[in-house]
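Working notes, structure below.
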Amino acid sequence: MNSSDDETESLGSIGDALCEALGNLRAQSVSLHSTAGDILWLSEGVMGPDEHSLVLEATNALTLATDRHYIFQNLGDGRSATFLPARSPNGELVGLATIISESKWLDSAGAGRLVNNQTSAAMRRLAIFRKPIRPAPTVAPPKATKRPAAAPTPVSPSTTGLRVVGSRAPQAKHVESAPAIAKPTAIAAPTVGSGKFRFSDTHYQLHVQQLLKLRTGGGTRRYEVLARPVGRSSTPDSVADTVRCAIGTSELDRLVIAELLAWIEAHPKVLDDKPASFSCNLSMSSIADPKFLAFVASQLKTRDVPPGTVGFELSEQACVKQQRDVEMFIAACEKLGCYVVIDDFTLDSRVVPWLASPAMRFVKIDSRITTSAMTNRLQQALVIAMSQMSKVLGISCVAKRIDTPAARQWLSAVGVDYAQGFVLEEPKPLNELE
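Numbered according to this note's numbering, the sequence shown terminates at residue 527, and the numbering increases by one at each position without gaps.
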């Protein structure tokens with residue numbers, strides 16, 4: 094018997110044990126999944142795109158909330174789904190089980206009763222199968238000397254495509270004949286974890302804009318992270334102007350990531366009850382920087398933040414211009430566990446193959462398409478095509494710059510998962526999250 098047969102039999106026995114542990118529950122299907130959402134074992138039938146999206150949502154929630162023993166979700170069609178985590182001894186999520194049943198047989202009150210000695214034993218077997226316990230080394234490794242974390246070092250900016258919200262800070266003009274005046278009081282350096290940081294003599298504050306869910310399912314809040322100069326305007330026009338002329342380097346991206354993760358570490362209660370994930374826009378220099386993701390990995394470990402909490406938004410234009418860099422970046426995100434978002438998506442054939450990557454989580458439709466879709470049949474067809482394609486691939490679809498109820502209703506009807514726009518949700522300081 095080959096290793097593939099052994100694996101199938103092992104997963105089958107684990108699945109059968111879980112089904113037996115459910116007792117008299119009339120489950121429509123029971124399935125085992127990897128943390129990438131792949132189906133490892135399925136009791137019967139097939140799993141559709143909507144159910145697969147729910148698995149990904151549950152994976153994110155269980156990754157963020159390490160103390161949760163199950164997640165219950167009413168599917169809104171007379172069915173309900175319960176997700177049970179499989180965790181390694183250190184609490185790392187290594188897999189999960191999905192139990193789908195008619196709502197009349199399983200409601201939110203009864204879902205907790207599925208967590209019993211028998212189901213827990215089956216999930217431990219899945220955890221060991223997915224990540225076998227290695228024996229301890231016979232010789233204890235030398236203790237590493239713990240060094241204090243170094244404060245971020247100010248750097249000089251150079252032109253990139255990082256999205257920075259707000260307008261440029263005004264530059265003071267020097268006049269030789271001007272009389273000496275008192276120097277203004279210097280602004281204190283921001284505290285690490287406060288949601289603020291300093292870069293090139295400018296103070297920035299992290300803001301977030303939430304994606305509005307258009308369809309039922311999943312409880313994870315989704316945010317886009319924006320860096321705004323303190324005290325600057327937040328109108329859509331000023332934001333767009335700043336995005337077009339934003340300046341920075343890979344170092345600015347690093348400061349954004351470092352401060353975001355420090356804030357998450359400093360505010361654990363904010364994410365305990367309502368799991369959230371945050372996507373950061375990257376400059377082209379960061380995509381090409383082979384050391385950038387190593388820095389991210391180091392920060393994730395230092396701050397003890399699950400990798401799935403953070404994602405990176407890559408514009409379709411950057412993907413086309415830096416195809417080799419993007420290919421390597423996405424592959425590295427797969428290994429690290431961070432997710433990827435394709436922004437300003439127009440169905441470019443050179444980008445589409447990357448959507449099959451396990452790291453891919455969202456596509457954001459180009460706003461030029463979504464803003465004209467209500468009056469242009471070709472643009473409508475493109476939106477529908479992107480929505481259906483994302484469903485088949487198990488990723489979510491986001492429509493940008495949505496500002497009317499009619500547009501929201503139509504997008505929901507054609508299967509778009511999220512909407513984003515200033516009318517729906519203005520960016521707000523990271524510290525205002527609850």
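Note that CB positions come from ideal geometry on N, CA and C, so glycine has one too.
Worksheet item: Which first and last residues belong to the alpha helix (DSSP H) in which Glu317 is found?
Response: By one-based count along the sequence shown, residue 317 stands at place 224. Where Glu317 is concerned, there is no enclosing alpha helix (DSSP H), although the beta strand (DSSP E) it sits in stretches over 314-322.
Discussion item. Can you give me the C-alpha to C-alpha distance between Gln392 and Leu348, rounded to a whole angstrom?
Written reply: Here residue 392 refers to the residue found at position 299 of the sequence shown. Here residue 348 refers to the residue found at position 255 of the sequence shown. Just so you know, the alpha carbons of Gln392 and Leu348 end up roughly 11 Å apart.
Item to complete: For Pro263, count neighbouring Cβ atoms within 10 angstroms of its own Cβ and tell me buried if that reaches 16, exposed if not.
Response: As a first step, residue 263 is located in the sequence shown; it is residue number 170 there, counting from the start. Interpretation of Pro263 is limited by its pLDDT of 47, a score under 50 that renders its predicted location unreliable; no figure is taken from the coordinates.
Discussion item. I need the boundaries of the beta strand (DSSP E) containing Ser194, first residue and last residue.
Written reply: In the sequence shown, residue 194 corresponds to position 101, counting from 1. Segment 186-195, the beta strand (DSSP E) holding Ser194.
Practice prompt. Measuring alpha carbon to alpha carbon, tell me which of Tyr432, Val323, Leu149, Phe290 ends up nearest Gly487.
Written response: As a first step, residue 487 is located in the sequence shown; it is residue number 394 there, counting from the start. That would be Leu149, whose Cα lies nearest to the Cα of Gly487.
Practice prompt. My understanding is that Ala424 touches Arg396, with C-beta atoms under 8 Å, so please give their C-beta distance in whole angstroms.
Written response: As a working note, residue 424 is residue 331 in the sequence shown. As a working note, residue 396 is residue 303 in the sequence shown. Their Cβ separation, rounded to whole angstroms, is 24 Å, which puts Ala424 and Arg396 out of contact at 8 Å.
Item to complete: Give me the Cβ distance between Ser489 and Asp510, rounded to the nearest whole Å; I'm assuming they're in contact under 8 Å.
Response: Here residue 489 refers to the residue found at position 396 of the sequence shown. Here residue 510 refers to the residue found at position 417 of the sequence shown. Rounded, the Cβ-Cβ distance is 4 Å, consistent with contact.
Worksheet item: With which residues is Phe529 paired in a DSSP beta bridge?
Response: The question about residue 529 has no answer here: the residues shown for the chain are numbered 94 through 527.
Item to complete: Determine the DSSP secondary structure at Asp160, reduced to helix, strand or coil.
Response: The residue given as residue 160 occupies position 67 in the sequence shown. In this structure, Asp160 counts as coil in the three-state DSSP scheme.
Worksheet item: Counting pairs of Cβ atoms below 8 Å between the region 180-195 and the region 114-126, do you hit three or more?
Response: yes
Discussion item. Looking at Pro532: is its Cβ nearer than 8 Å to the Cβ of Cys431?
Written reply: Nothing about residue 532 can be read from this structure; the chain reaches only from 94 to 527.
Worksheet item: If you follow the alpha helix (DSSP H) that Trp503 is part of, which residue opens it and which one closes it?
Response: As a first step, residue 503 is located in the sequence shown; it is residue number 410 there, counting from the start. Taken as a continuous stretch (DSSP letters only), the alpha helix (DSSP H) holding Trp503 covers 498-506.
Discussion item. For Gly105 and Thr402, what's the separation of their Cα atoms in angstroms?
Written reply: Counting from 1 along the sequence shown, the entry for residue 105 is found at position 12. Counting from 1 along the sequence shown, the entry for residue 402 is found at position 309. Spanning the two alpha carbons is a distance of roughly 31 Å.
Practice prompt. Give me the Cα-Cα distance between Ser465 and Gln473, rounded to the nearest whole angstrom.
Written response: Here residue 465 corresponds to residue number 372 of the sequence shown, with the count starting at 1. Here residue 473 corresponds to residue number 380 of the sequence shown, with the count starting at 1. Straight-line Cα distance between these residues: approximately 8 Å.
Worksheet item: Under 8 Å, do His296 and Pro520 count as touching if we go by C-beta distance?
Response: Taking the sequence shown and counting its residues from 1, the one referred to as residue 296 is at position 203. Taking the sequence shown and counting its residues from 1, the one referred to as residue 520 is at position 427. No. Outside cutoff.
Worksheet item: With distances taken between CB atoms, is the gap from Val419 to Ile380 smaller than 8 Å?
Response: Counting from one through the sequence shown, the residue named residue 419 turns up at place 326. Counting from one through the sequence shown, the residue named residue 380 turns up at place 287. Going by C-beta atoms, Val419 is nearer than 8 Å to Ile380.
Discussion item. According to DSSP, is Asn210 part of a helix, a strand, or is it coil?
Written reply: Within the sequence shown, numbered from 1, the residue matching residue 210 stands at position 117. Helix, per DSSP.
Item to complete: Look at Arg454 and Gly404 and say whether their C-beta atoms are less than 8 Å apart.
Response: As a first step, residue 454 is located in the sequence shown; it is residue number 361 there, counting from the start. As a first step, residue 404 is located in the sequence shown; it is residue number 311 there, counting from the start. The answer is yes: Cβ separation under 8 Å.
Worksheet item: What number of angstroms, rounded off, separates the C-alpha of Ala275 from the C-alpha of Asp294?
Response: Within the sequence shown, numbered from 1, the residue matching residue 275 stands at position 182. Within the sequence shown, numbered from 1, the residue matching residue 294 stands at position 201. Bear in mind that the predicted position of Ala275 carries a pLDDT of just 47, short of 50, making it unreliable; the figure below should be weighed with that in mind. One C-alpha to the other measures close to 19 Å.
Discussion item. Quick check on this structure: which residue in Ile350, Arg443, Gln416, Asn524 has the alpha carbon closest to the alpha carbon of Pro361?
Written reply: Indexing the sequence shown from 1 puts residue 361 at position 268. Its Cα nearest to that of Pro361, the residue Asn524 stands out among Ile350, Arg443, Gln416, Asn524.
Discussion item. Considering only the alpha carbon of each residue, which of Ala449, Ile107, Trp447, Ser181 lies closest to Pro225?
Written reply: By one-based count along the sequence shown, residue 225 stands at place 132. Nearest option by C-alpha distance: Ser181.
Worksheet item: Where does the unbroken beta strand (DSSP E) through Asp436 begin, and where does it stop?
Response: Here residue 436 corresponds to residue number 343 of the sequence shown, with the count starting at 1. First-last of the beta strand (DSSP E) with Asp436: 432-438.
Worksheet item: Ends of the beta strand (DSSP E) at Thr175?
Response: Residue 175 sits at position 82 when you count from the first residue of the sequence shown. Note, Thr175: beta strand (DSSP E), 172-180.
Practice prompt. Could you tell me which of Lys394, Gln416, Phe371, Leu364 sits nearest to Met377, measuring between CA atoms?
Written response: Position 284 of the sequence shown holds residue 377. Met377 has its Cα closest to that of Gln416, out of Lys394, Gln416, Phe371, Leu364.
Worksheet item: Which partner residues does Thr309 have in the DSSP bridge list?
Response: Locating residue 309 in the sequence shown gives position 216, where the first residue counts as 1. Thr309 is not bridged to any residue.
Worksheet item: Where Ser450 and Lys484 are concerned, what is the direct C-alpha to C-alpha distance, given to the nearest angstrom?
Response: Numbered from its first residue, the sequence shown carries residue 450 at position 357. Numbered from its first residue, the sequence shown carries residue 484 at position 391. Taking the straight line joining both Cα atoms gives about 14 Å.
Worksheet item: Can you list the beta strand (DSSP E) stretches of 3 or more residues lying completely in the region 409-496, in chain order?
Response: 432-438, 453-458, 489-493
Discussion item. Tell me the residue span of the beta strand (DSSP E) that contains Ser372.
Written reply: Indexing the sequence shown from 1 puts residue 372 at position 279. Run containing Ser372: 369-374, per the beta strand (DSSP E) assignment.
Worksheet item: From Ala202, Ala179, Leu448, pick the residue whose C-alpha is nearest to that of Arg223; which is it?
Response: Counting from 1 along the sequence shown, the entry for residue 223 is found at position 130. The residue with the shortest Cα to Cα distance from Arg223 is Ala179.
Practice prompt. Starting from the C-beta of Leu135, find all residues in its chain whose C-beta is less than 6 Å away, skip the five residues before and the five after it, and write them out in chain order.
Written response: Here the question's residue 135 lines up with position 42 in the sequence shown. So the qualifying residues of the chain are Ser124.
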